[in-house]
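There are 2 protein chains.
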Amino acid sequence: MRVPRLVDHDQRRAELGAAAIRVILREGLGGVTVRGVAAEAGWSTGSLRHYFRNQHELQSYVVEATTDALRRRVLPRVRRPRTASSAVEGVASILEEMLPLDAGRREEYALWSAIVEWERQHPSEGGSVTWNEQRALHRQAVALLRGHEPAQDLDRAALPHPDPEVELWAALLHTFVDGLAAQIVNTPGQMPAGTAGRLLRALLRAVPPAVPPVVPPVVPPAVPPARPDR
Amino acid sequence: MRVPRLVDHDQRRAELGAAAIRVILREGLGGVTVRGVAAEAGWSTGSLRHYFRNQHELQSYVVEATTDALRRRVLPRVRRPRTASSAVEGVASILEEMLPLDAGRREEYALWSAIVEWERQHPSEGGSVTWNEQRALHRQAVALLRGHEPAQDLDRAALPHPDPEVELWAALLHTFVDGLAAQIVNTPGQMPAGTAGRLLRALLRAVPPAVPPVVPPVVPPAVPPARPDR
DNA sequence: GCGGAAATAGCACATGCGTGTTAGTTAAGC
DNA sequence: GCTTAACTAACACGCATGTGCTATTTCCGC
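This is the structure:
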């Protein structure tokens, strides 16, 4: 069999994905057109369409690739060990990594927003992946605040916490941080970085402390009791 | 002087505005095109362009008109007297009027979102009008929760409250409700109406009550500031 | 009546989009 | 060197958009 020139499709697609990300940052997900991305990458539309049959396939790939890229960028940052003067300060500095407080994080937030928009318009069964990951992060944050042992791996943090109070405050905190990020970008005049940080810390201080360790945080048998939430 | 046929421009523009609102609900603010709105209203583009010179003028008018219409629809509802079993319940039922919990309020939220998007892309000096109004509403809510006299008129509520704790919790609550609304529409699977209501009430219960004017901030050793029940 | 300004309807042009098709180019295997 | 499949580039079609321009209709004041 004769094998003509071969190119690495995955690598090509990654190259296109990088160009598409630049387009998203400049014009939003709606600007991710076949022509636009091809021009950004310096290719012709015909070439691009050897790797993506249509616009949906292109956007779908870009959303997936962007999600992965953001994960790889953000996760190490929130897992970075830090010297904090208090639990509140430690958790606040973690959560601030998620807020669009400077140019770099504003870019990341714009990408997250584009992904959320995509997920809203193309709902997948099993719920939003990014939502579940964010919830796990806030669950960890609240557990830390209340003095629980942090979950070892990320999969563990994806499960509901045995302490229902952790679940409740994780939901409250998650929702609040979502709103905070939205206000920072939508009404930056009314929500400058300093105000955002103060509000975040104020809410963290409002998280009630765990009751004294009558029962240490031993993971109980696999079945958590039915919780009112969710 | 000869006066030809005269039509009420304001009334025409209002008619166009109503058609544009229908278009926004169907296709978003991006769908507000000269052709689209004209077709929705049953006119030709040439006619429409006697009242709006270009697309920007059309969208600008629509945003303004929609803001006014929403104000007129929502304000009486949040001011409706209610019989509540508690302060938390009373405030919760007010704030729920702002959440996209049913078809009607989802429509209103979609319109609010379109306005916020417009304001973000076309920032005006003096900050966002809608943001300030929302903040005033939450300020009132927190004041109510803490047992203050409610402000008489709306202009009064637009000013910062003398109690700094009211200002702080108004900001926290405002941000939280923003996030709640966003999650309800963006990830409805993870944030159904019942959960949203429970989270809202949980946060309202976390608002610290006003200290009785007996002993303000005498901090007993090792006891964190006043906390809600439970 | 009727002149004429306002109002209306419609067309034309340039632009940008997704997508289908087609001709040219490249390079591995024979 | 030749063949052939993959790759590249470009064009064409249909559609939608904003906007400028031009007939056509309407109706008040004379």
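Protein sequences, first through last, are from chains A and B.
1 is the number of the first residue of the first sequence in our numbering; add one for each residue after it.
231 is the number of the first residue of the second sequence in our numbering; add one for each residue after it.
Idealized CB from N, CA, C, for every residue including glycine.
The segment 408-439 of chain B: which residues have C-beta closer than 7 Å to a C-beta of chain A, in chain order? 408, 409, 410, 412, 413, 416, 417, 419, 420, 425, 428, 429, 432, 433, 436
Beta-carbon within less than 7 Å of residue 63 of chain A's beta-carbon, same chain only, minus the 5 sequence neighbours each way: which residues are those? Taking the first sequence and counting its residues from 1, the one referred to as residue 63 of chain A is at position 63. Correct list, in chain order: 115, 118.
Over what stretch of residues does the alpha helix (DSSP H) that includes residue 36 of chain A continue unbroken? Stepping through the first sequence from its first residue, residue 36 of chain A is reached at position 36. First-last of the alpha helix (DSSP H) with residue 36 of chain A: 34-41.
Under a Cβ-count criterion, where at least 16 other Cβ atoms within 10 Å of its own Cβ denotes burial, should residue 163 of chain A be classed as buried or exposed? Reading the first sequence from its first residue, position 163 is the one you call residue 163 of chain A. Answer is buried; the Cβ neighbour count reaches 16.
Host alpha helix (DSSP H) of residue 71 of chain A (start-end): The sequence position of residue 71 of chain A within the first sequence is 71, counting from 1. Counting along the chain, the alpha helix (DSSP H) containing residue 71 of chain A begins and ends at 55-78.
Give me the Cα-Cα distance between residue 29 of chain A and residue 123 of chain A, rounded to the nearest whole angstrom. Numbered from its first residue, the first sequence carries residue 29 of chain A at position 29. Numbered from its first residue, the first sequence carries residue 123 of chain A at position 123. Cα-Cα distance, rounded: 16 Å.
Chain-ordered residues of the segment 335-349 of chain B with a beta carbon less than 9 Å from chain A: 346, 347, 349
Hey, would you say residue 66 of chain A sits closer than 8 Å to residue 111 of chain A, going by beta carbons? Position 66 of the first sequence, counted from the start, is the residue given in the question as residue 66 of chain A. Position 111 of the first sequence, counted from the start, is the residue given in the question as residue 111 of chain A. The answer is yes: Cβ separation under 8 Å.
Which stretch, first to last residue, makes up the alpha helix (DSSP H) that contains residue 349 of chain B? Locating residue 349 of chain B in the second sequence gives position 119, counting from the first residue. Run containing residue 349 of chain B: 333-351, per the alpha helix (DSSP H) assignment.
Residue 401 of chain B at chain A interface by Cβ criterion, 8 Å: Translated into positions along the second sequence, residue 401 of chain B becomes position 171. Closer than 8 Å to some Cβ of chain A, the Cβ of residue 401 of chain B qualifies, so yes.
State yes or no: is the C-beta of residue 436 of chain B nearer than 7 Å to some heavy atom of the ligand GTP? The ligand GTP is not part of the structure shown, which contains no ligands of any sort.
Chain A contact for residue 231 of chain B (CB, 8 Å cutoff): Counting from one through the second sequence, the residue named residue 231 of chain B turns up at place 1. Low per-residue confidence applies at residue 231 of chain B: pLDDT is 48, beneath 50, and the placement is therefore not dependable enough to give any value.
Cutoff 8 Å: residue 128 of chain A Cβ touching any chain B Cβ: Residue mapping note: residue 128 of chain A aligns to position 128 of the first sequence, counting from 1. Yes - at least one Cβ of chain B is within 8 Å of the one on residue 128 of chain A.
Hey, could you find the ends of the alpha helix (DSSP H) residue 45 of chain A is sitting in? What you label residue 45 of chain A is simply residue 45 of the first sequence in a count that begins at 1. First-last of the alpha helix (DSSP H) with residue 45 of chain A: 45-48.
As assigned by DSSP and simplified to three states, the class of residue 138 of chain A: By one-based count along the first sequence, residue 138 of chain A stands at place 138. Residue 138 of chain A: helix per DSSP, three-state reduction.
Short check: CB of residue 414 of chain B to CB of residue 330 of chain B, under 8 Å? Along the second sequence, one-based indexing puts residue 414 of chain B at 184. Along the second sequence, one-based indexing puts residue 330 of chain B at 100. Taking the C-beta atoms as reference points, residue 330 of chain B is found nearer than 8 Å to residue 414 of chain B.
Report all residues from its chain with a CB closer than 7 Å to the CB of residue 70 of chain A; omit the five preceding and five following residues, and keep chain order. Sequence index remark: in the first sequence, residue 70 of chain A carries index 70 (1-based). Excluding positions up to five away in sequence, the list reads 108, 111, 112.
List the residues of chain A that residue 296 of chain B touches, going by C-beta distances under 9 Å, in chain order. As a working mapping, residue 296 of chain B is identified with position 66 in the second sequence. Per Cβ cutoff of 9 Å: no residues; residue 296 of chain B is ~17 Å from chain A at best.
Since I believe residue 199 of chain A is in contact with residue 92 of chain A (beta carbons under 8 Å), could you give me their beta-carbon distance rounded to a whole number of angstroms? Locating residue 92 of chain A in the first sequence gives position 92, counting from the first residue. Locating residue 199 of chain A in the first sequence gives position 199, counting from the first residue. The Cβ separation is near 10 Å, so there is no contact.
Out of A:14, A:178, A:9, A:120, point me to the one whose CA is closest to residue 97 of chain A's CA. Residue mapping note: residue 97 of chain A aligns to position 97 of the first sequence, counting from 1. When each option's Cα is compared against that of residue 97 of chain A, the closest is A:178.
Does any residue of chain A have a CB that is nearer than 8 Å to the CB of residue 259 of chain B? Counted from its first residue, the second sequence places residue 259 of chain B at position 29. Chain A, which has no Cβ nearer than 8 Å to the Cβ of residue 259 of chain B, makes this no.
Hey, does residue 52 of chain A have any beta-carbon neighbour from chain B nearer than 8 Å? Reading the first sequence from its first residue, position 52 is the one you call residue 52 of chain A. So no, residue 52 of chain A is outside the interface.
Could you give the distance in angstroms between the alpha-carbon of residue 319 of chain B and the alpha-carbon of residue 305 of chain B? Position 89 of the second sequence holds residue 319 of chain B. Position 75 of the second sequence holds residue 305 of chain B. About 19 Å.
Mind reading off the beta-carbon distance from residue 270 of chain B to residue 283 of chain B? Whole number of angstroms is fine, and I expect it under 8 Å. Start at 1 with the first residue of the second sequence, and residue 270 of chain B comes out as number 40. Start at 1 with the first residue of the second sequence, and residue 283 of chain B comes out as number 53. Residue 270 of chain B to residue 283 of chain B, Cβ: 19 Å. No contact.
Residue 13 of chain A in three-state terms, based on DSSP: As a working note, residue 13 of chain A is residue 13 in the first sequence. Helix.
Residues near residue 380 of chain B by beta carbon distance below 7 Å, same chain, minus five either side: Walking along the second sequence from the start, residue 380 of chain B turns up at place 150. Around residue 380 of chain B: 370, 373, 374.
What in chain B is Cβ-close to residue 33 of chain A, meaning under 7 Å? Taking the first residue of the first sequence as 1, we reach residue 33 of chain A at position 33. The contacting residues do not exist; residue 33 of chain A stays about 14 Å from chain B at best.
Would you please verify whether the beta carbon of residue 255 of chain B is less than 8 Å from any beta carbon of chain A? Position 25 of the second sequence, counting from 1, holds the residue named residue 255 of chain B. No, residue 255 of chain B lies away from the interface with chain A (no Cβ there is under 8 Å from its Cβ).
Here's the rule I'm using: 16 or more other beta-carbon atoms within 10 Å means buried, otherwise exposed. How should residue 460 of chain B be labelled? Here residue 460 of chain B refers to the residue found at position 230 of the second sequence. At residue 460 of chain B, the pLDDT of 45 sits below 50, so the modelled position is not reliable and the matter cannot be decided from this model.
Does DSSP put residue 155 of chain A in a helix, a strand or coil? Locating residue 155 of chain A in the first sequence gives position 155, counting from the first residue. If DSSP states are grouped into helix, strand and coil, residue 155 of chain A belongs with the helices.
Quick one, which of B:423, B:386, B:401, B:365 has its alpha-carbon nearest residue 411 of chain B's? In the second sequence, residue 411 of chain B corresponds to position 181, counting from 1. Nearest option by C-alpha distance: B:423.
Where does residue 249 of chain B sit, in a helix, a strand or coil, going by DSSP? Counted from its first residue, the second sequence places residue 249 of chain B at position 19. If DSSP states are grouped into helix, strand and coil, residue 249 of chain B belongs with the helices.
Alpha-carbon to alpha-carbon, residue 398 of chain B and residue 46 of chain A: Counting from one through the first sequence, the residue named residue 46 of chain A turns up at place 46. Counting from one through the second sequence, the residue named residue 398 of chain B turns up at place 168. The straight-line gap from Cα to Cα measures roughly 56 Å.
Is the beta carbon of residue 368 of chain B less than 8 Å from the beta carbon of residue 400 of chain B? Sequence index remark: in the second sequence, residue 368 of chain B carries index 138 (1-based). Sequence index remark: in the second sequence, residue 400 of chain B carries index 170 (1-based). Cβ atoms of residue 368 of chain B and residue 400 of chain B: closer than 8 Å.
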